[in-house]
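Participant:
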Amino acid sequence: MRGENVILAVPSKGRLMEPTRALFAEGGLEIRKNGSSRGYRGTLDGIDGVEVAFLSASEIAEQLRLGHVHFGVTGEDLIRESIAEPETELEFIQPLGFGHADVVVAVPDCWIDVNRMSDLQDAAAIFHHVHERRLRVATKYVNMTRRFFDGKGVSAYRIVESLGATEGAPTAGSAEIIVDITSTGATLTANHLRVLEDGIMLRSQATLFASRRISSPSAVKDARAAIISSLNSAKAG
Amino acid sequence: MVAESAQQFEALEAQAAALMDSFGAAGYERIAPAMIQPANVYLDRVGEAIRGRTYLFTDLSGEELCLRPDLTVPVCRLYLERHPEGGESARYCYNGPAFRYQPDAFSLTEPREFRQAGIESIGELRREEADAQVFALAIEGLRAAGLEGFQVKIGDLGLFEALILSIEMPERWRQRLWRNYWRPHTFHDLLQRLAAGKGSWISEPAGVLLAEIEADDVGSTEEWVEKYLDAQGIPLIGNRTVTEIAERLVHRAADVKEAPLADKSVDLIEDYLDISGAPEAAVEQVAKLANRSGVDLSGAIARFEKRLRHLADCDVDIESMQFGGGFGRNLEYYTGFVFQIEMPDAGRTGRVAGGGRYDGLLTELGATKRIPAVGCAIHTERLLMAVDGAAR
Numbered sequence: 027m028r029g030e031n032v033i034l035a036v037p038s039k040g041r042l043m044e045p046t047r048a049l050f051a052e053g054g055l056e057i058r059k060n061g062s063s064r065g066y067r068g069t070l071d072g073i074d075g076v077e078v079a080f081l082s083a084s085e086i087a088e089q090l091r092l093g094h095v096h097f098g099v100t101g102e103d104l105i106r107e108s109i110a111e112p113e114t115e116l117e118f119i120q121p122l123g124f125g126h127a128d129v130v131v132a133v134p135d136c137w138i139d140v141n142r143m144s145d146l147q148d149a150a151a152i153f154h155h156v157h158e159r160r161l162r163v164a165t166k167y168v169n170m171t172r173r174f175f176d177g178k179g180v181s182a183y184r185i186v187e188s189l190g191a192t193e194g195a196p197t198a199g200s201a202e203i204i205v206d207i208t209s210t211g212a213t214l215t216a217n218h219l220r221v222l223e224d225g226i227m228l229r230s231q232a233t234l235f236a237s238r239r240i241s242s243p244s245a246v247k248d249a250r251a252a253i254i255s256s257l258n259s260a261k262a263g
Numbered sequence: 185m186v187a188e189s190a191q192q193f194e195a196l197e198a199q200a201a202a203l204m205d206s207f208g209a210a211g212y213e214r215i216a217p218a219m220i221q222p223a224n225v226y227l228d229r230v231g232e233a234i235r236g237r238t239y240l241f242t243d244l245s246g247e248e249l250c251l252r253p254d255l256t257v258p259v260c261r262l263y264l265e266r267h268p269e270g271g272e273s274a275r276y277c278y279n280g281p282a283f284r285y286q287p288d289a290f291s292l293t294e295p296r297e298f299r300q301a302g303i304e305s306i307g308e309l310r311r312e313e314a315d316a317q318v319f320a321l322a323i324e325g326l327r328a329a330g331l332e333g334f335q336v337k338i339g340d341l342g343l344f345e346a347l348i349l350s351i352e353m354p355e356r357w358r359q360r361l362w363r364n365y366w367r368p369h370t371f372h373d374l375l376q377r378l379a380a381g382k383g384s385w386i387s388e389p390a391g392v393l394l395a396e397i398e399a400d401d402v403g404s405t406e407e408w409v410e411k412y413l414d415a416q417g418i419p420l421i422g423n424r425t426v427t428e429i430a431e432r433l434v435h436r437a438a439d440v441k442e443a444p445l446a447d448k449s450v451d452l453i454e455d456y457l458d459i460s461g462a463p464e465a466a467v468e469q470v471a472k473l474a475n476r477s478g479v480d481l482s483g484a485i486a487r488f489e490k491r492l493r494h495l496a497d498c499d500v501d502i503e504s505m506q507f508g509g510g511f512g513r514n515l516e517y518y519t520g521f522v523f524q525i526e527m528p529d530a531g532r533t534g535r536v537a538g539g540g541r542y543d544g545l546l547t548e549l550g551a552t553k554r555i556p557a558v559g560c561a562i563h564t565e566r567l568l569m570a571v572d573g574a575a576r
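Right, here's the structure in full:
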């Protein structure tokens with residue numbers, strides 16, 4: 027751990043960035059960037075000794091996992107994807123009430139015979155037999171997909187790693203079904219996909235996490251208490 | 185972090201020599217299949233479950249590869265390279281590194297770099313004889329390496345398959361039961377639902393759908409599906425054909441009208457899975473159960489007994505083995521005889537060797553016809569622990 031500062035990682039871009047900044051500000055903790063607006067470091071007004079690191083949401087998940095930051099705001103989906111048993115490595119301090127999105131299993135609308143994971147199990151096994159290859163699932167949530175499908179007894183599939191525009195994969199022909207994150211469902215509908223009835227793998231939102239890997243000197247405990255009480259007053263207000 | 189790939193290298197090498205000497209003396213050819221294997225062979229054929237444990241990587245040419253998590257698949261690939269048409273029988277033995285992710289990477293009994301020894305008999309059509317020979321040779325090798333006081337568990341997936349075939353039910357229900365056999369909890373649930381009947385597991389988002397489907401007519405259902413998708417403006421994507429969709433709708437419509445699975449059939453299946461005991465007593469129980477329930481398992485039972493006779497001929501102590509009707513549900517590619525050799529009261533660490541028949545694997549790896557195969561894999565680190573432990 028560099029220096030003696032408590033490090034808080036916040037999203038530097040994307041849909042979590044502004045609501046995070048706003049929530050902290052509402053609680054009286056303005057996040058200040060050092061130097062130019064493109065800087066990666068900052069401070070928290072209202073608490074001494076807290077260094078703010080501006081990173082992407084997935085980098086924050088990684089830094090929390092490695093124990094390189096004390097606290098971080100990121101999506102629960104990213105945490106559950108990169109850490110098999112997140113509750114042992116991290117503390118889920120508080121869900122923050124924004125960035126809601128579900129990680130879902132979605133199949134083509136035209137598969138009118140497939141409504142639940144048990145239908146998918148059947149259809150995938152038959153697909154394997156008929157097409158002499160496994161049905162492909164496009165997703166970036168490789169680990170979560172594997173665990174979920176295993177739990178539901180679906181084994182006749184292959185994962186095709188997709189880093190963007192996952193919803194377009196079935197139309198483009200690079201996969202048959204997808205596991206993706208969705209908020210309004212509009213993109214799924216536009217791509218002629220439908221979520222299975224029991225296909226919601228995770229209801230995710232932006233969450234404040236603390237690493238259990240780092241030792242907690244009193245500075246960290248104080249910072250933590252201050253952050254939590256500020257966030258609570260922000261949400262209440 | 186431990187910098188050695190084998191912390192008891194000399195002891196493991198000496199042990200391997202004892203194993204390979206036994207196997208070589210029995211006419212098994214020593215081979216060394218490649219350590220770097222194509223990733224898709226494992227992911228496509230053995231399934232995504234192995235992804236969680238396998239060291240996958242992409243090389244400079246963009247090819248997806250892995251460090252082999254076991255040696256059975258590499259040995260089968262080697263056989264197919266030498267005998268693309270099958271047709272010849274071959275017997276191989278091996279000892280070499282394999283790699284699997286482990287939470288405690290350098291544990292002495294479950295390290296992430298481990299050495300798997302084993303034997304495979306491929307292409308031998310006299311199946312029961314091959315089953316017995318492979319098993320007996322595995323025991324001989326383990327004894328030569330100093331193992332004593334072990335227990336043996338056996339099962340027979342061929343018996344279970346014959347049981348399901350002998351019970352009156354739609355073929356699609358047999359397929360579902362077989363597919364879920366590997367997950368006892370899901371299997372039990374499925375049995376209950378089939379017995380409850382009326383397709384009670386079927387959810388009806390558009391209740392009108394199934395009522396419009398003719399239970400027997402795939403052809404007209406295909407037309408119905410096409411009209412429906414057209415009318416709703418739903419494009420056909422995802423590579424499943426209209427026929428596949430129609431067939432499953434026809435199955436579901438049939439399931440709603442189908443008589444539930446008879447309670448006595450559910451009992452028969454669950455009673456079979458509960459059977460345990462020494463093999464001869466257990467197979468008698470199976471025969472009695474079949475008789476009581478009015479099903480014919482004579483073929484499968486005869487094969488089971490034939491295998492027992494071959495085992496006796498190989499001087500194997502049959503009486504001390506434990507047969508379990510539900511045993512063998514851990515690897516989806518086993519198709520017949522399965523066995524495990526373990527130290528008592530030692531949990532997972534005591535599972536020193538295991539194997540069985542896997543007649544479907546070579547087809548999965550690209551063989552143009554089904555090639556019989558049976559083998560045994562030995563976890564040499566655990567074997568060393570077991571022998572050492574006993575010595576103290």
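If you read the protein sequences in the order shown, they are chains B and U. Residue 263, in the numbering used here, is where the first sequence stops; the numbers in between run on with no holes. Residue 576, in the numbering used here, is where the second sequence stops; the numbers in between run on with no holes. Every residue gets a Cβ at the ideal spot worked out from N, C-alpha and C, and that includes glycine.
1) Since U/Glu516 meets chain B, which of its residues come closer than 8 Å, beta carbon to beta carbon?
2) Return the residue from the list U/Lys553, U/Gly509 and U/Pro444 that minimises the CA-CA distance to U/Glu352.
3) Please classify B/Lys178 as buried or exposed, where buried requires at least 16 other C-beta atoms within 10 Å of its C-beta.
4) Note down, in chain order, each residue of its chain lying with its Cβ closer than 8 Å to the Cβ of U/Ile215, except the 5 sequence neighbours on either side.
5) Of the residues that make up the stretch 245-259 of chain U, which ones have a beta carbon closer than 9 Å to any beta carbon in chain B?
6) With distances taken from CA atoms, which of B/Val95, B/His96 and B/Leu90 is nearest B/Glu102?
7) Can you tell which of B/Arg159, B/Glu158, B/Arg160 and B/Glu187 has its C-alpha closest to the C-alpha of B/Thr171?
8) Would you check if the distance between the CB atom of U/Gly339 and the CB atom of U/Gly573 is smaller than 8 Å?
9) Tell me the DSSP bridge mates of B/Pro243?
10) Indicate whether U/Arg491 and U/Phe521 have their beta-carbon atoms separated by less than 8 Å.
11) Compare the beta carbon distance of U/Ile453 and U/Val470 with 8 Å and say whether it is the shorter of the two.
12) For chain B, check one thing: does any of its Cβ atoms lie closer than 8 Å to the Cβ of U/Leu567?
13) Could you name each continuous alpha helix (DSSP H) segment of 4 residues or more that falls completely within the stretch 56-114 of chain B, going from the start of the chain to the end?
14) Give the C-beta separation of U/Ile525 and U/Leu326 to the nearest angstrom, bearing in mind that I take them to be a contact with Cβ-Cβ under 8 Å.
15) With distances taken from CA atoms, which of U/Pro419, U/Glu431 and U/Ser273 is nearest U/Gly403?
16) Any C-beta of chain U sitting closer than 8 Å to the C-beta of B/Ala215?
17) Grab the span of the alpha helix (DSSP H) containing U/Val500 for me, first residue to last.
18) What is the rounded straight-line gap between the Cα of B/Val129 and the Cα of U/Gly422?
19) Find the residues of chain B that neighbour U/Asp228, judging by a C-beta separation of less than 9 Å, and give them in chain order.
20) State yes or no: is the beta carbon of U/Gly422 nearer than 8 Å to at least one beta carbon in chain B?
21) When you compare only the Cα positions, how much space is there between B/Ala87 and U/Ala446?
22) Compare the C-beta of U/Pro222 with all C-beta atoms of chain B and state if any pair is closer than 8 Å.
23) Kindly say whether U/Ile453, judged by its beta-carbon, lies nearer than 8 Å to any beta-carbon of chain B.
24) Pop quiz: U/Arg424 and B/Trp137 are said to be a contact at Cβ under 8 Å. What is the actual Cβ separation, rounded to whole angstroms?
25) Name, going along the chain, the residues of the stretch 215-242 of chain B whose beta-carbon falls closer than 8 Å to a beta-carbon of chain U.
26) Terminal residues of the continuous alpha helix (DSSP H) containing B/Glu158?
27) In the DSSP assignment, what are the bridge partners of U/Leu249?
28) Using a Cβ-Cβ cutoff of 7 Å, what residues of the stretch 366-378 of chain U are near chain B? List them in chain order.
29) Do you know how far the Cα of U/Val257 is from the Cα of U/Ala201?
30) Apart from the five residues just before and just after B/Glu257, which ones in its own chain have a Cβ nearer than 6 Å to its Cβ?
31) Which residues in the same chain have their Cβ closer than 6 Å to the Cβ of U/Gln335, if we skip the five residues on either side of it in sequence?
32) Would you grab the beta carbon distance between U/Val479 and U/Ser350 for me? Rounded to a whole angstrom, and I think it's under 8 Å.
33) Check the DSSP bridge columns for U/Glu304 and list the partner residues they point to.
34) How many Å lie between B/Gln147 and B/Val180 at the Cα?
35) Using a Cβ-Cβ distance cut-off of 8 Å, determine whether B/Ile203 contacts chain U.
36) What residue range does the alpha helix (DSSP H) around U/Lys411 cover?
Facilitator: Concretely, from the data shown:
1) Your numbering for residue 516 of chain U matches position 332 in the second sequence. Here the neighbours are Ser181.
2) Within the second sequence, residue 352 of chain U is the residue found at index 168, counting from 1. Scanning U/Lys553, U/Gly509 and U/Pro444 for the CA closest to the CA of U/Glu352 turns up U/Pro444.
3) Stepping through the first sequence from its first residue, residue 178 of chain B is reached at position 152. Per the 10 Å Cβ criterion, buried.
4) Residue 215 of chain U sits at position 31 when you count from the first residue of the second sequence. Answer for U/Ile215: Val259, Leu262, Tyr276, Cys277 and Tyr278, listed in chain order.
5) In summary, no residue of the stretch 245-259 of chain U has a CB separated from any CB of chain B by less than 9 Å.
6) Position 76 of the first sequence holds residue 102 of chain B. B/Glu102 has its Cα closest to that of B/Leu90, out of B/Val95, B/His96 and B/Leu90.
7) Mapped onto the first sequence, residue 171 of chain B falls at position 145. Measuring C-alpha to C-alpha distances from B/Thr171 to each of B/Arg159, B/Glu158, B/Arg160 and B/Glu187 identifies B/Glu187 as the nearest.
8) Numbered from its first residue, the second sequence carries residue 339 of chain U at position 155. Numbered from its first residue, the second sequence carries residue 573 of chain U at position 389. Inclusion of U/Gly339 and U/Gly573 in the CB contact set at 8 Å is not warranted, their separation being larger than that value.
9) The residue labelled residue 243 of chain B in the question sits at position 217 within the first sequence. In the DSSP output, where bridge partners are listed per residue, B/Pro243 has none listed.
10) As a position in the second sequence, residue 491 of chain U is number 307, starting the count at 1. As a position in the second sequence, residue 521 of chain U is number 337, starting the count at 1. Against a cut-off of 8 Å, the Cβ pair of U/Phe521 and U/Arg491 comes out as a contact.
11) As a first step, residue 453 of chain U is located in the second sequence; it is residue number 269 there, counting from the start. As a first step, residue 470 of chain U is located in the second sequence; it is residue number 286 there, counting from the start. Not in contact: U/Ile453 and U/Val470 (Cβ atoms no closer than 8 Å).
12) Here residue 567 of chain U is taken as the residue at index 383 of the second sequence, counted from 1. False, the Cβ-Cβ gap to chain B never drops below 8 Å.
13) Secondary structure remark: continuous alpha helix (DSSP H) runs of at least 4 residues inside the stretch 56-114 of chain B, in chain order: 83-92 and 102-108.
14) Indexing the second sequence from 1 puts residue 525 of chain U at position 341. Indexing the second sequence from 1 puts residue 326 of chain U at position 142. Approximately 7 Å separates the beta-carbon atoms of U/Ile525 and U/Leu326; this is inside 8 Å, confirming the contact.
15) On the second sequence, residue 403 of chain U is found 219 positions in, with the first residue counted as 1. Scanning U/Pro419, U/Glu431 and U/Ser273 for the CA closest to the CA of U/Gly403 turns up U/Glu431.
16) Residue 215 of chain B sits at position 189 when you count from the first residue of the first sequence. The residue asked about is misnamed: residue 215 of chain B is Thr in this sequence, not Ala. False, the Cβ-Cβ gap to chain U never drops below 8 Å.
17) Here the question's residue 500 of chain U lines up with position 316 in the second sequence. Boundaries for U/Val500: no alpha helix (DSSP H) harbours it, and the DSSP string shows neither H nor E there.
18) Indexing the first sequence from 1 puts residue 129 of chain B at position 103. Indexing the second sequence from 1 puts residue 422 of chain U at position 238. Spanning the two alpha carbons is a distance of roughly 20 Å.
19) Translated into the one-based positions of the second sequence, residue 228 of chain U becomes position 44. When 9 Å is used as the limit between beta carbons, U/Asp228 is near these residues of chain B: Arg159, Arg160 and Arg184, in chain order.
20) On the second sequence, residue 422 of chain U is found 238 positions in, with the first residue counted as 1. It does: the Cβ of U/Gly422 has a partner Cβ on chain B nearer than 8 Å.
21) Taking the first residue of the first sequence as 1, we reach residue 87 of chain B at position 61. Taking the first residue of the second sequence as 1, we reach residue 446 of chain U at position 262. Answer to the nearest angstrom: the Cα atoms are 52 Å apart.
22) Residue mapping note: residue 222 of chain U aligns to position 38 of the second sequence, counting from 1. No, its Cβ sits nowhere closer than 8 Å to a Cβ of chain B.
23) For the purposes of this step, residue 453 of chain U is taken as residue 269 along the second sequence, with counting starting at 1. For U/Ile453, the closest Cβ of chain B is not nearer than 8 Å.
24) As a position in the second sequence, residue 424 of chain U is number 240, starting the count at 1. As a position in the first sequence, residue 137 of chain B is number 111, starting the count at 1. Yes, U/Arg424 and B/Trp137 are in contact; Cβ-Cβ is about 6 Å, under 8 Å.
25) Going along the stretch 215-242 of chain B in chain order, one finds His218 and Glu223 with a Cβ nearer than 8 Å to chain U.
26) Reading the first sequence from its first residue, position 132 is the one you call residue 158 of chain B. The continuous stretches of alpha helix (DSSP H) do not include B/Glu158, and DSSP gives it neither H nor E.
27) The count along the second sequence starts at 1 and reaches residue 249 of chain U at position 65. DSSP output for U/Leu249 lists U/Pro222 and U/Phe241 as bridge partner(s).
28) Under the 7 Å Cβ criterion, the stretch 366-378 of chain U contributes Arg367 and Thr370.
29) Counting from one through the second sequence, the residue named residue 201 of chain U turns up at place 17. Counting from one through the second sequence, the residue named residue 257 of chain U turns up at place 73. Taking the straight line from one Cα to the other gives about 23 Å.
30) To locate residue 257 of chain B, count along the first sequence from 1; it is residue 231. The amino acid at residue 257 of chain B is misidentified as Glu; the sequence shows Leu. Gly53.
31) In the second sequence, the residue the question calls residue 335 of chain U occupies position 151. Excluding five sequence positions before and after U/Gln335, the CB atoms of its chain that fall closer than 6 Å to its own CB belong to Glu526 and Pro528, given in chain order.
32) As a working mapping, residue 479 of chain U is identified with position 295 in the second sequence. As a working mapping, residue 350 of chain U is identified with position 166 in the second sequence. With a contact defined as Cβ atoms closer than 8 Å, U/Val479 and U/Ser350 qualify at about 4 Å.
33) Taking the second sequence and counting its residues from 1, the one referred to as residue 304 of chain U is at position 120. Answer is U/Tyr276 and U/Gly559.
34) Locating residue 147 of chain B in the first sequence gives position 121, counting from the first residue. Locating residue 180 of chain B in the first sequence gives position 154, counting from the first residue. Roughly 5 Å between the two C-alpha positions.
35) By 1-based counting over the first sequence, the position of residue 203 of chain B is 177. The beta carbon of B/Ile203 sits closer than 8 Å to some beta carbon of chain U.
36) Taking the second sequence and counting its residues from 1, the one referred to as residue 411 of chain U is at position 227. Run containing U/Lys411: Val402 to Gln416, per the alpha helix (DSSP H) assignment.
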